[in-house]
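A.B. asks: The structure under discussion is supplied below as structure tokens; questions concerning it will follow.
Residue numbers (this note's numbering), protein chains in the order written: chain A, 1 to 381; chain B, 1001 to 1308; chain C, 2001 to 2355.
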């Protein structure tokens, strides 16, 4: 439904008859000879217009409208408790969903596991979780992307644009996924600007707009002139940067709309690619239960699971060329990110000299360090 | 160039800036609540009013392009909700503490419902006054970028102080709040004065809400207020129902909000959850310190005694 | 005095009729609100019916949602009968869940019933102390319990997060900091073959217990006197402090028990997700039930069904997910406003009432 027309009074009678019919019959009437659409259900942990993680998934779901055989439904702001179980069940039993995408990390254990056991003919895909072979039900698949390279490129842009040589990062929690982004951003910046330094401030939770704003302001006060972040949605951080007249790079979704002058670029997800792929495979009759759909579907920049946001107006052609050049090197394999020797900010060697880690290396999943040159602690009491 | 050389001046400037911009919502809500309580009514629904008016300010500013119109509408919406709360509590048999809780549920629900459209778009923000152009330090310059609402708040505090102390209307309001029976016997309508005071109080809170979405953080999001409405109510008690003291304590609370990043800046990282809780702990301690069992504190309106 | 007539007195009819009418009026207002938004008036209610009561499948959904509501509602209701209004349910819930998780992890090697009992006891004590603290602050120090308990909610959540992501964290829970999991054998089970867990039984039993305490014991009578008029109560020699603290402890214990259920039946461990907002819904339940334990059971069911339909409203009618919150707000306001109607209607006047 067109959002802008929601503010005008719809014809009472029209809405009553049309929507009333739609509400009474969950499935649309079947035309002779046409297959019922593949109903895919999406569940988000927050609002789908948050300019961040949830919107990146909602946007991905929107891309499915180009596939005529898919009917995608979604529900947002579902808390990680009984609510998500019941929502999944409702989608399956009331709306006829045959595929469920659980996008929030906390949905997997025990909720998706439980519902998957109850509905073995429905396929469940979870973003970013871990699967235990032999323990977890077979109709569950995992998907996620490795965005380190894109963060590297964003960091590279930051490193070329900064004048004070100080970068600021506002992070939610010091979990490995966040630390990888911090470190790859820093690696990118350092590759073109070896003396650059970064400060990380943690807010403690995924959605704390006031705290994120205060942290971003504090970093700006301390001389950072490029800000970025990894929270539920970094839009607040990008907006503060615009207001303070310093640069910003985004994450998860394109936040340039809140910083038309100061947005440089960002590391975005392209979940649409993933969802379309799944839809196609399932339409062909494949399933994760019998292994015709891979249990884990992961991808990098090369697989188009993620991409660099369009450059903002301030990025000069020279810098854009440099970034494109490095991107090409990353794509053809001549350049890698985690290349020894790397030290963390406590002096320990985390990647020994001569060693190279691919971004898909599983040892990176337990990352618990921050690169040297980064001020901040990975501290869990 | 390292962050290690963070000097205390930067931290001080940051705290100053945070105190100024963080104090504004507290200022307006506490001044409004101060007036309301002076008339003998306690309005615990401020959190809902704050959220609803914050959302309204953002929505109107986004639709019309004028942030001042947004702020004005927010004040009006606040007033309407205040009128609703006031009328509800005037009904005999309605517990005004329960009514306050109901207003929080209703106000926030309404705000989240209408606000769904506004999480993404930008809204024109209120202009700022630059007082720090001379400063070389970016932190100081940022700290001295002050919203006109700050000065409006200061003026309001003085006006309120003067009005309550020296005008006839102020006298009536205080009489109604201190000794409603005596006031009634003198022909002063307790009902009318309480209703007006509650409405004006909520209108002021509405301005505070506008500040959140039209200045700092300048977005609309469901988490935009973390209990600030209710903390402002506690603030009034700590300030002993004096508008001028409310002003000072608001600055204090505003600064406390920036404590966490400042401490992290100075190197005390890792305890961010407990630091997140520090404003609440602070408020609780202040409440414990300033209240007393006898419930008749200096400055407390008589009609409020016995409401806990 | 007690009436032993089988016909319910006009007063008790009144106490059902007036809130029922207020609820219906709220439904009408909400329906009108949705029409303005473009959704069909009856479609909204048919959605709620279908998602909440339409089948055994939906009944289970509503029962599941109702379970924590009952316990959290008692958390506000019982202290309120003693004259203390608090909104600390969420804090008590979280503290209870945290304590239960700690107890559960400490008793992993003991038999299941020992482990579960200690979890329940830990949850009750933690939640009870939390609310008793707020009540004590009001009684002994004059600190308004609504404000203090709300502040304590935030403090409880921060404390829980600090522990769960700090000393109690399972290092294996990499991207989702949580405690070690409690083994499935030591978790709370489901009722019969349904999806509904034991929490429902806890809720109903607790409501009955509290009803019994309030209506059939001397202590309950004392509580009601204290809540009705504390000055009279102290003149009569009742120990105000002890009664208030005990009532608050029991109420808080109920919320703490709900937290334990959330950990033991739903999640199997403690993480930030246990702060799911049930506490706040419990406040609503308590007020809608006018602080009466038996009514809490019914109101929890109705509200559970309403919440269960939230998803359906979103998916089928394209209403924003905050619609249910608006409905709750309208109901709350109308129920409160209807407080003023008691005793006003001739129809409900009881000729047997003493003057």
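A virtual CB, placed ideally from N, CA and C, is assigned to each residue, including glycine.
1) Could you list which residues in chain C have their beta carbon closer than 7 Å to that of residue 1252 of chain B, in chain order?
2) So does the segment 1225-1241 of chain B actually touch the segment 1019-1036 of chain B, counting three or more Cβ pairs closer than 8 Å?
3) For residue 2267 of chain C, I'd like the list of residues in its chain whose CB is within less than 7 Å of its CB, leaving aside the five on either flank, ordered along the chain.
4) Could you spell out the range, first to last residue, of the alpha helix (DSSP H) harbouring residue 211 of chain A?
5) Under three-state DSSP, which class holds residue 1291 of chain B?
6) From residue 222 of chain A to residue 1016 of chain B, what distance separates their C-alpha atoms?
7) For residue 334 of chain A, count neighbouring C-beta atoms within 10 Å of its own C-beta (all shown protein chains included) and say buried if the count is 16 or more, exposed if not.
8) Taking C-beta pairs closer than 8 Å, name the residues in chain B that residue 2320 of chain C reaches, listed in chain order.
9) Find the residues of chain B that neighbour residue 2226 of chain C, judging by a C-beta separation of less than 8 Å, and give them in chain order.
10) Taking C-beta to C-beta, are residue 2319 of chain C and residue 2127 of chain C nearer than 8 Å?
11) Within 10 angstroms of the Cβ of residue 1212 of chain B, are there 16 or more other Cβ atoms? Answer buried if so, exposed if not.
12) Classify residue 417 of chain A as buried or exposed, calling it buried when 16 or more other Cβ atoms lie within 10 Å of its own Cβ.
13) Using the Cα positions of residue 2032 of chain C and residue 2043 of chain C, report the straight-line distance between them to the nearest angstrom.
14) Let me know the secondary structure DSSP gives residue 278 of chain A once reduced to three states.
15) Residue 1128 of chain B by DSSP, collapsed to three states: which one?
16) Given residue 287 of chain A, which residues of its chain have a CB within under 8 Å of its CB, disregarding the five upstream and five downstream residues?
17) Between the segment 1210-1222 of chain B and chain A, which residues of the former have CB atoms less than 7 Å from a CB of the latter, in chain order?
18) Reducing DSSP to helix, strand and coil, say where residue 67 of chain A ends up.
19) If residue 955 of chain B and residue 1099 of chain B are in contact, beta carbons under 8 Å, what's the gap, nearest whole angstrom?
20) With residue 1254 of chain B and residue 1054 of chain B assumed to form a contact (beta carbons below 8 Å), what rounded beta-carbon distance in angstroms separates them?
21) With respect to the alpha helix (DSSP H) encompassing residue 1038 of chain B, which residues constitute its N-terminal and C-terminal limits?
22) Name the residue from C:2170, C:2021, C:2078 whose alpha carbon lies nearest to the alpha carbon of residue 2249 of chain C.
23) To which residues of the same chain is residue 319 of chain A closer than 6 Å at the C-beta, ignoring the five residues directly before and after it?
24) Considering Cα atoms alone, identify which of A:198, A:184, A:43 is closest to residue 112 of chain A.
25) Any C-beta of chain B sitting closer than 8 Å to the C-beta of residue 2012 of chain C?
26) Quick check: what's the CA-CA separation for residue 1162 of chain B versus residue 1245 of chain B?
27) Give a yes or no on whether the minimum CB-CB distance between residue 1049 of chain B and chain C is below 8 Å.
28) Does the distance from the CB of residue 1065 of chain B to the CB of residue 1127 of chain B come in under 8 Å?
29) Closer than 7 Å, Cβ to Cβ, to anything on chain A: give me those residues from the segment 2308-2341 of chain C, in chain order.
30) Determine the chain A residues that contact residue 1124 of chain B at a beta-carbon separation under 9 Å, and present them in chain order.
31) From residue 1256 of chain B to residue 2174 of chain C, what distance separates their C-alpha atoms?
32) Put residue 225 of chain A into one of helix, strand or coil per three-state DSSP.
33) Against chain A, does residue 2186 of chain C count as a neighbour if the rule is that its beta carbon must be under 8 Å from one of theirs?
34) Could you tell me whether the segment 2097-2112 of chain C touches the segment 2180-2193 of chain C, where touching means 3 or more Cβ pairs closer than 8 Å?
35) Indicate whether at least one CB of chain C lies closer than 8 Å to the CB of residue 110 of chain A.
36) So, helix, strand or coil for residue 24 of chain A, using DSSP?
C.D. replies: With the given structure in hand:
1) Within 7 Å Cβ-Cβ: nothing; residue 1252 of chain B doesn't reach chain C, min ~16 Å.
2) yes
3) Beyond the five residues adjoining it in sequence on each side, residue 2267 of chain C comes within less than 7 Å, by CB distance, of 2273, 2274 in the same chain, given in chain order.
4) Looking at the DSSP string, the run of the alpha helix (DSSP H) that includes residue 211 of chain A is 209-221.
5) Reduced to three states, the DSSP call for residue 1291 of chain B is coil.
6) 14 Å
7) Here residue 334 of chain A is exposed, its C-beta having fewer than 16 other C-beta atoms within 10 Å.
8) 1112, 1113, 1116
9) Close to residue 2226 of chain C, with beta-carbon spacing below 8 Å, lies no residue of chain B; the smallest spacing is near 14 Å.
10) For the pair residue 2319 of chain C and residue 2127 of chain C, the CB atoms are not nearer than the 8 Å cut-off.
11) buried
12) What the structure shows of chain A is the stretch from 1 to 381, and residue 417 of chain A is not part of that stretch, so it cannot be assessed.
13) 12 Å
14) In the structure shown, residue 278 of chain A falls within a helical segment according to DSSP collapsed to helix, strand and coil.
15) In the structure shown, residue 1128 of chain B adopts coil according to DSSP, grouped into three states.
16) Within the same chain, residue 287 of chain A has close Cβ partners 123, 139, 293.
17) 1216, 1217, 1218, 1219, 1221
18) coil
19) Not covered by the structure: residue 955 of chain B. The range shown for chain B is 1001 to 1308.
20) About 16 Å separates the two Cβ atoms, so there is no contact after all.
21) 1008-1038 is the extent of the alpha helix (DSSP H) around residue 1038 of chain B.
22) Relative to residue 2249 of chain C, the option among C:2170, C:2021, C:2078 whose CA is nearest is C:2078.
23) 160
24) Checked all of A:198, A:184, A:43; the closest Cα to residue 112 of chain A is A:43.
25) no
26) 13 Å
27) Using beta-carbon distances, residue 1049 of chain B does not count as an interface residue toward chain C, since no partner is under 8 Å.
28) no
29) 2308, 2311, 2312, 2314, 2315, 2316, 2317, 2318, 2321
30) Ordered by position in chain A, no residue passes the 9 Å Cβ test against residue 1124 of chain B, which lies about 13 Å from the chain.
31) 32 Å
32) coil
33) Taking Cβ atoms only, chain A never reaches closer than 8 Å to residue 2186 of chain C, which makes this a no.
34) yes
35) yes
36) Residue placement at residue 24 of chain A cannot be trusted, given a pLDDT of 41 that sits under 50; what the coordinates show is reported in the next sentence. Residue 24 of chain A falls in the helix class under three-state DSSP.
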